[in-house]
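**Student:** Start counting the sequence shown at 3; every next residue gets the next number (my numbering).
By construction, the Cβ of each residue, glycine as well, lies at the ideal position given by its N, Cα and C atoms.
Values in this document were obtained by computation on a predicted structure and should not be read as measured data.
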Amino acid sequence: MFQAFLIKYGEIAIKGKNRYLFEDALVAQIRHALKGVEGSFQVTKEQGRIYVESLEPFDYEETAEALQRVFGIVGICPVVILEDQGFERLAEETVSYIAKRYGDCAKTFKVQARRARKTYPKESMEINAELGGKILERFPGMKVDVHHPELTIYIEIRERIYLYSDVIPGPGGMPVGTNGKSMLLLSGGIDSPVAGYMVAKRGVKIDAVYFHAPPYTSDRARQKVVDLAAKVARYAGPIYLYVVNFTDIQLYIYEKCPHDELTIIMRRYMMRIAEEIGRKTGSLGLITGESIGQVASQTVQSLAATNEVCTMPVFRPLIAFDKEDIVTLSKKIDTYETSIQPFEDCCTIFVAKHPVTKPNLNVIRRSEKNLEEKIDAMVAEAIETAELVVVG
3 MFQAFLIKYG EIAIKGKNRY LFEDALVAQI RHALKGVEGS FQVTKEQGRI
53 YVESLEPFDY EETAEALQRV FGIVGICPVV ILEDQGFERL AEETVSYIAK
103 RYGDCAKTFK VQARRARKTY PKESMEINAE LGGKILERFP GMKVDVHHPE
153 LTIYIEIRER IYLYSDVIPG PGGMPVGTNG KSMLLLSGGI DSPVAGYMVA
203 KRGVKIDAVY FHAPPYTSDR ARQKVVDLAA KVARYAGPIY LYVVNFTDIQ
253 LYIYEKCPHD ELTIIMRRYM MRIAEEIGRK TGSLGLITGE SIGQVASQTV
303 QSLAATNEVC TMPVFRPLIA FDKEDIVTLS KKIDTYETSI QPFEDCCTIF
353 VAKHPVTKPN LNVIRRSEKN LEEKIDAMVA EAIETAELVV VG
């Protein structure tokens with residue numbers, strides 16, 4: 003029945019003279035999202051609207067689902083496309099559309115016409131009134147309600163005429179790539195994939211770094227993180243995942259530093275490494291899944307201690323979320339079941355029984371002096387030997 007989707011966007015509409023850049027980015031993201039969908043699609047812009055038109059039979063559900071993962075879209079409207087053959091023909095097609103979609107079920111309704119082509123002989127209000135009359139003639143059980151209708155029939159008059167009644171919610175946000183690039187510290191937990199999703203939703207292109215510690219962490223733990231990156235990439239586009247071997251650095255910190263400070267010092271070196279890789283690859287910020295007070299390394303004092311080693315801004319979109327809020331969002335984006343697989347990462351294998359929760363920066367810096375003999379060379383080697391995995 004449907005030949006196309008009319009795409010509605012939100013914030014892009016207020017971008018002024020730069021709006022076309024955001025529209026073009028959204029078109030590019032839509033085309034990318036549809037590459038994995040069976041069929042051939044034409045994506046076009048026209049006067050504040052974007053249309054996705056099928057050039058051959060297509061899977062409606064699969065196409066709609068793919069579009070629901072494109073940031074920047076607020077509404078996806080399955081449309082019937084009509085050639086302009088006069089108002090009577092439009093009325094016939096509209097009545098036929100309602101009969102096929104809704105049968106004879108009684109509903110309150112209104113018609114909402116938009117006449118973008120000003121040469122059309124009837125104005126919007128005339129179309130609304132006259133089409134409403136035709137619908138009432140055909141469906142006497144229906145009633146007009148212009149304030150709170152159960153059914154709204156939308157008519158857009160352009161070079162062709164677009165008829166639709168459904169608006170499938172999109173994810174909102176901004177098209178990926180319109181707000182620079184940042185580096186996500188991605189672990190196998192619940193939080194960091196959600197953090198990546200949230201920042202990508204604001205138009206930020208995501209790269210990611212994962213700290214692997216073989217033989218203490220398994221290949222299955224590594225694959226779990228690759229799988230999580232793939233889940234996020236369904237929304238964020240392809241992700242460059244840098245897998246850093248962190249074993250030697252972690253063991254060296256364990257040998258040379260107080261064990262209650264291990265988590266903080268380890269975290270500081272992760273931030274240093276992520277920032278250096280990000281700087282080399284064009285990132286402008288770091289992203290973490292930290293939430294205040296969730297664990298010992300996420301107290302305000304601990305966050306301040308890890309922040310101190312960074313010159314890039316650190317984005318923490320989950321900072322004030324309760325755990326249940328994060329779990330709910332992880333289920334929505336389908337990362338939760340992967341995150342809870344029982345394969346430990348390097349953040350969990352050397353945790354002290356009683357980690358410091360209010361680290362003193364001067365004390366932490368003093369402890370890090372014990373690492374001076376080898377740590378710079380080890381960090382450089384970890385960065386140099388990082389494995390790149392392209393996901394999505």
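Identify the residues that DSSP records as bridge partners of A210: which are they?
**Tutor:** DSSP lists L186 and L243 as partners of A210.
**Student:** Starting from E48 and walking both ways along the beta strand (DSSP E), at which residues does that stretch end?
**Tutor:** Where E48 is concerned, the enclosing beta strand (DSSP E) stretches over F43 to E48.
**Student:** Tell me, which residues are paired with I170 by DSSP?
**Tutor:** Answer by DSSP bridge pairing, in chain order: I78.
**Student:** Using 10 angstroms around the beta-carbon of R281, count the other beta-carbons present and answer buried if the total reaches 16, otherwise exposed.
**Tutor:** So R281 ends up on the exposed side.
**Student:** CA-CA distance, A68 and A35?
**Tutor:** Cα-Cα distance, rounded: 6 Å.
**Student:** Over what stretch of residues does the alpha helix (DSSP H) that includes V365 continue unbroken?
**Tutor:** That run of the alpha helix (DSSP H) goes L363 to E370.
**Student:** Which word fits S98, buried or exposed, when buried means at least 16 other C-beta atoms lie within 10 angstroms of its C-beta?
**Tutor:** With fewer than 16 other Cβ atoms within 10 Å, it is exposed.
**Student:** Using a Cβ-Cβ cutoff of less than 7 Å, which residues in the same chain neighbour S220 once the five nearest sequence positions on both sides are dropped?
**Tutor:** Here the set comprises F345.
**Student:** Does DSSP classify R224 as helix, strand or coil?
**Tutor:** Reduced to three states, the DSSP call for R224 is helix.
**Student:** Tell whether a beta-carbon distance below 8 Å holds between G77 and G191.
**Tutor:** For G77 and G191, no; Cβs fall outside 8 Å.
**Student:** Taking its Cβ as the centre, do 16 or more other Cβ atoms sit within 10 Å of E25, making it buried, or is it exposed?
**Tutor:** Its Cβ being crowded by 16 or more others within 10 Å, E25 is buried.
**Student:** Helix or strand or just coil, what does DSSP make of R269?
**Tutor:** DSSP places R269 in helix when its eight states are reduced to three.
**Student:** For a test of the three-state rule: what should DSSP assign to E158, helix, strand or coil?
**Tutor:** Strand at E158.
**Student:** Check the DSSP bridge columns for A115 and list the partner residues they point to.
**Tutor:** According to DSSP, which records beta bridges pairwise, A115 is partnered with I157.
**Student:** With 8 Å as the threshold, decide whether the Cβ of K136 is near any Cβ in chain B.
**Tutor:** Absence of chain B from the displayed structure is noted, only one protein chain being present.
**Student:** Short of 7 Å in beta carbon distance, which residues of its chain neighbour M272, apart from the five on each side in sequence? Order them along the chain.
**Tutor:** Hits under 7 Å: L187 and F213.
**Student:** Using three-state DSSP, classify Y122 as helix, strand or coil.
**Tutor:** Of the three classes helix, strand and coil, the one that applies to Y122 here is coil, per DSSP.
**Student:** List, from N- to C-terminal side, the beta strand (DSSP E) runs of 3 residues or more that fit wholly inside the stretch 251 to 339.
**Tutor:** None, since the stretch 251 to 339 contains no complete beta strand (DSSP E) of that length.
**Student:** How should L363 be labelled, buried or exposed, when 16 other C-beta atoms within 10 angstroms of its C-beta is the threshold for buried?
**Tutor:** Exposed: under 16 other Cβ atoms inside 10 Å.
**Student:** According to the Cβ coordinates, are G175 and G205 closer than 8 Å?
**Tutor:** Contact: yes.
**Student:** Could you pull the start and end residues of the beta strand (DSSP E) that Y53 belongs to?
**Tutor:** Element bounds for Y53: R51 to S56.
**Student:** The beta strand (DSSP E) with L8 in it runs from where to where?
**Tutor:** Unbroken beta strand (DSSP E) run through L8: A6 to Y11.
**Student:** Name the DSSP beta bridge partners of E389, please?
**Tutor:** The partner list for E389 (beta bridge, DSSP) reads V245.
**Student:** According to DSSP, which residues form a beta bridge with R204?
**Tutor:** Bridge partners of R204: M176.
**Student:** For the alpha helix (DSSP H) that Q70 lies in, which residues bound it at each end?
**Tutor:** From DSSP, Q70 is part of no alpha helix (DSSP H); its letter is neither H nor E.
**Student:** Thinking C-beta only, is A197 closer than 8 Å to I275?
**Tutor:** Contact: no.
**Student:** Residue range of the alpha helix (DSSP H) that E40 falls in?
**Tutor:** No alpha helix (DSSP H) contains E40, which DSSP labels as neither H nor E.
**Student:** Among Y166, E310 and Q300, which residue has its Cα nearest to the Cα of I100?
**Tutor:** Closest by alpha carbon: Y166.
**Student:** CB-CB under 6 Å to E395, same chain, minus the five flanking residues each way: which ones, in chain order?
**Tutor:** With the chain running from 3 to 394 in the structure shown, residue 395 is simply not present.
**Student:** Taking all protein chains shown into account, decide if Y62 is buried (16 or more other Cβ within 10 angstroms of its Cβ) or exposed.
**Tutor:** Burial call: exposed.
**Student:** Here's a check: name, in chain order, each residue in its chain whose Cβ is nearer than 6 Å to the Cβ of T154, leaving out the five neighbours to either side.
**Tutor:** The answer, listed in chain order, is K112 and Q114.
**Student:** Does the beta-carbon of E94, which I'm using as the reference point, lie nearer than 7 Å to any heavy atom of the ligand MN?
**Tutor:** Within the structure as shown, the ligand MN is missing, as the structure has no ligands at all.
**Student:** Taking all protein chains shown into account, do 16 or more other C-beta atoms lie within 10 angstroms of the C-beta of C107, making it buried, or fewer, making it exposed?
**Tutor:** With fewer than 16 other Cβ atoms within 10 Å, it is exposed.
**Student:** Quick one: any contact between the stretch 71 to 86 and the stretch 240 to 253, if contact means 3 or more CB pairs under 8 Å?
**Tutor:** Result no; under three Cβ-Cβ pairs closer than 8 Å.
**Student:** Here's a check: name, in chain order, each residue in its chain whose Cβ is nearer than 8 Å to the Cβ of V148, leaving out the five neighbours to either side.
**Tutor:** Contacts found: K112.
**Student:** What separation, rounded to the nearest whole angstrom, lies between the Cα atoms of R103 and I32?
**Tutor:** Spanning the two alpha carbons is a distance of roughly 27 Å.
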